[in-house]
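> With the numbering used here applied, the sequence shown corresponds to residues 341 to 626, in that order. Here a beta-carbon is modelled for each residue, glycine too, at the ideal position from N, C-alpha and C. Bear in mind that the values here come from a model prediction, so they are computed numbers and not experimental data. One structure follows; several queries about it will come next.
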Amino acid sequence: MKKDHFTSTWLALREPYDILSRNKNLKKFIRQSDRILDIGAGTGAFSRWCLANNIFFENMMLLDHDQRLLNNTQRITSRFCKNRKLIIKKVSKKEFKVEDPVSNLTFGFKTLNKDLSLSINLINNFDVLSMSALIDLLSFNYLKKLFNKIKCDKVIAMTLCFNGKINWNDKNSYDKYIVNEFNREQQSIKAGDISLGYRSIDKVKQLSKKKKFKITIYDSSWRLLSNTDDNKNFHHKYLETLYKPLKRNKYTDNKILEKWYISKIKLINSGSLETRVGHNDIIIET
């Protein structure tokens, strides 16, 4: 992950953990709809979670401001489908379909390269609005516009929302300081506006209550282990997402940061560290 956007490498590394962490209760809210807009879709990870859970949409629009990520969608989804004996058919450069030969269900995909700030004008053309690992990067202005624009009888699925809580099985005296510094750093200017960070969940609650929308919140936290090479690798990469922005932050005590980081790395390498990264899945029924 770079300062202002995700990389395809990071998204690929986190996708297996996202698939495991999303709450299974999501299925009862989104299964029956046939049109879905996935804002900040990246390489289409949420669509693959849907496929893994036998949720097929007639029409899914994958919207992202990063064309490079969207360009990887068909290739990654094709590999995913091959492992699950699903058939993928290319319709055009920006459109493809996935078919299940057993159920005869078809999942239609289209990609759209568009700035997220312009996506609000599209939301009422769809039954479901999906946003994955995104709302902490958004501003309050964006959320207000979204809630003011959306019509009744829609479902908003905000999944893997960071809630500001990070815990370790092996405690360090600097843990609280690092988490507080990281949460403060996340509430910074991104895409020309101030991101809400973990406070985004409370803002979503407030806006839902004001609009009298029904909101349901589930746990979808990551549990990171260090018991295999793959888990160690991802654990290292995750730790870097804390370390690197704080290293650049002039307000962070670098001596504390370095001591903390080195101690966590040693625990990962020894195979003993477990990290729980707090996420919530939010369903809003308008």
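In three-state DSSP terms, what is K551?
Of the three classes helix, strand and coil, the one that applies to K551 here is helix, per DSSP.
> Is any beta-carbon of chain B found at less than 7 angstroms from that of K494?
Reference to chain B is not applicable here, since this structure consists of a single protein chain.
> Using the C-alpha atoms, what's the distance from V544 back to L483?
Rounded to the nearest angstrom, the two C-alpha atoms are 8 angstroms apart.
> At what residue ranges does the stretch 452-536 contain a whole run of the beta strand (DSSP E), taking only runs of 3 or more?
As far as the stretch 452-536 is concerned, its whole beta strand (DSSP E) runs of at least 3 residues are 468-472, 495-508.
> Who are the near neighbours of F420 in its chain, counting only those whose CB is closer than 6 angstroms to its CB and skipping five residues on each side?
Excluding sequence neighbours, F420 sits near R388.
> Take every Cβ of the stretch 494-512, pair it with every Cβ of the stretch 610-618, and state whether three or more of those distances are shorter than 8 angstroms.
Touching, per the Cβ criterion.
> With distances taken from CA atoms, which of N411, D476, M401 is nearest S459?
The option with the nearest alpha carbon to S459 is M401.
> Can you tell me the Cα-Cα spacing of F480 and L586, whole angstroms?
Spanning the two alpha carbons is a distance of roughly 23 angstroms.
> Determine the direct distance from the alpha carbon of P441 to that of W508, and round the result to whole angstroms.
For W508 and P441, the distance between alpha carbons rounds to 44 angstroms.
> Going by Cα to Cα distance, which pick from Y583, Y601, A352, D476 is closest to S540?
Selected option, being the one with the closest Cα: D476.
> Applying the 10 Å Cβ sphere with the 16-neighbour rule, what's the burial state of T413?
That one is buried.
> For E355, I'd like the list of residues in its chain whose CB is within less than 6 angstroms of its CB, leaving aside the five on either flank, ordered along the chain.
Hits under 6 angstroms: A385.
> Under three-state DSSP, which class holds Y558?
The answer is strand: DSSP assigns Y558 an E or B state.
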